[in-house]
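Participant: One structure follows; several queries about it will come next.
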Amino acid sequence: MGLFDKILKGAVDAIDNAAAKSGNGPTGLKDLFNQAMDKKNEAINGSSSTTTSSKPSTATSSTSSSKRSNCAYTRPTYTTPQEVLDTASIPAKPSRKIEFEVFDGENAEIRVKVTFNLSGDFLETAGDVHYLASYLPTIDDDYDADYSDSNTPLFRVLDVDDEIIYNMAEKFDKGGVPENAMMFLPVNDMGPRARFKAKVENRGKIEYFYYCPLYDYMPDFKTCFTVSYTHNVVGTPLEKKLMAAVDEAVRTMKREVLEVEHRPFR
């Protein structure tokens, strides 16, 4: 991503965050930006904008071979290679404790630590969310943390700005039942923060996630623990393994207030 693209992405993030904080929800700008970046990079070299490293891994990129018209955009087709599907039979590596901090309160004056356990099959990846990790069960800790591949399952903890998931959480908070999900189930046995779990089709991928709001004073911030993967993972033992990792993360998640200070909202 070039300097201009990074500046533009920063502006898009700022607009989306400002909209969420003011109670207007997501603007959809980030989705449009991602589409534009995908289309640009595929036109230049046939690769998705989400591939940022050429380092070999357990997965390889693939894009749609369908022709694109001048008036419509078609997302690339993602496929998880068979060798990655086969890793479902490998016992998961021991889980490790993950932690990050968020700021809550009317003026973001409450510093909060969030911790959870995550399967060792996931290795931390650079990203602009609370936590991001790639499913790399056959790779040790000596790897390129900037690596990302569109066909590799990704675990994330984030304040969602995607309309599909954000609207589901918003509707649930108002007493409604989200629609058009592949799976939806309220939960009451995974701790006080877990509200529901669901599975949806989103941006050419499948997402299995829990809605777990981490903020007491900022209801427009909809936090989710999620794993995304390709369509050919659905119904396989690998899908069960990925879902189990998210289940463990939510079940072990803890929220601890560390400090309350004067901190003007930024």
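Be aware that the sequence shown starts at 418, since it is given in this note's numbering, and climbs by one per residue.
Heads up, the beta-carbon is just placed ideally off N, CA and C, and yes, glycines get one too.
For clarity, every value in this text was computed on a predicted model and none was experimentally measured.
1. According to DSSP, simplified to helix, strand and coil, what is Ser-479?
2. Mind checking Ser-506: buried by the 16 CB within 10 Å criterion, or exposed?
3. If you drop the 5 nearest sequence neighbours on each side, which residues of the same chain put their C-beta closer than 6 Å to that of Ala-586?
4. Tell me Met-600's beta-bridge partners as DSSP assigns them.
5. Between the C-alpha atoms of Lys-510 and Asp-521, what's the straight-line distance to the nearest angstrom?
6. Answer yes or no: do Tyr-634 and Glu-523 have a C-beta to C-beta separation smaller than 9 Å?
7. Based on Cα-Cα distance, which residue from Pro-498, Met-670, Leu-675, Arg-672 lies nearest to Pro-570?
8. Buried or exposed: which applies to Asp-538, given that a residue is buried once 16 or more other Cβ atoms fall within 10 Å of its Cβ?
9. Sorted by chain position, which residues of the same chain lie with C-beta nearer than 8 Å to Leu-602's C-beta, five sequence neighbours on each side aside?
10. Quick one: Cα of Ile-556 to Cα of Asn-568, how far?
11. Would you report the Cα separation of Thr-468 and Val-604, rounded to the nearest angstrom?
12. Pick from Tyr-560, Tyr-552, Tyr-548, Asp-561: whose alpha carbon is nearest that of Val-577?
13. Ignore the nearest five residues each way along the sequence and tell me which others in His-679's own chain have a CB closer than 7 Å to its CB.
14. For Glu-516, which of helix, strand or coil comes out of DSSP?
15. When you compare each of Ala-550, Met-599, Val-617, Lys-657 to Asp-579 by their alpha carbons, which one comes out closest?
16. If we count the other Cβ atoms within 10 Å of its Cβ and call it buried at 16 or more, is Val-674 buried or exposed?
Facilitator: This is what the structure gives:
1. Legend: pLDDT at Ser-479 = 41, less than 50; position of this residue unreliable, no value from coordinates given.
2. It counts as exposed.
3. Cβ within range, chain order: Tyr-628, Lys-639.
4. DSSP, once it has assigned bridges, lists Lys-616 as partnering Met-600.
5. When rounded, the distance between both Cα atoms is 33 Å.
6. Yes.
7. Taking only the C-alpha atoms, the option nearest Pro-570 is Pro-498.
8. It is buried - the Cβ of Asp-538 has at least 16 other Cβ atoms within 10 Å.
9. Phe-613, Lys-614, Ala-615, listed in sequence order.
10. When rounded, the distance between both Cα atoms is 16 Å.
11. Caution applies to Thr-468, whose pLDDT of 37 falls short of 50 and renders its modelled position unreliable; the value that the coordinates give is listed next. Within the model, the alpha-carbon separation for Thr-468 versus Val-604 is close to 35 Å.
12. Of Tyr-560, Tyr-552, Tyr-548, Asp-561, the residue nearest in Cα terms is Tyr-548.
13. Around His-679: Glu-526.
14. Glu-516 falls in the strand class under three-state DSSP.
15. The candidate whose alpha carbon is nearest that of Asp-579 is Val-617.
16. Counting Cβ neighbours within 10 Å, Val-674 comes out exposed, since fewer than 16 surround it.
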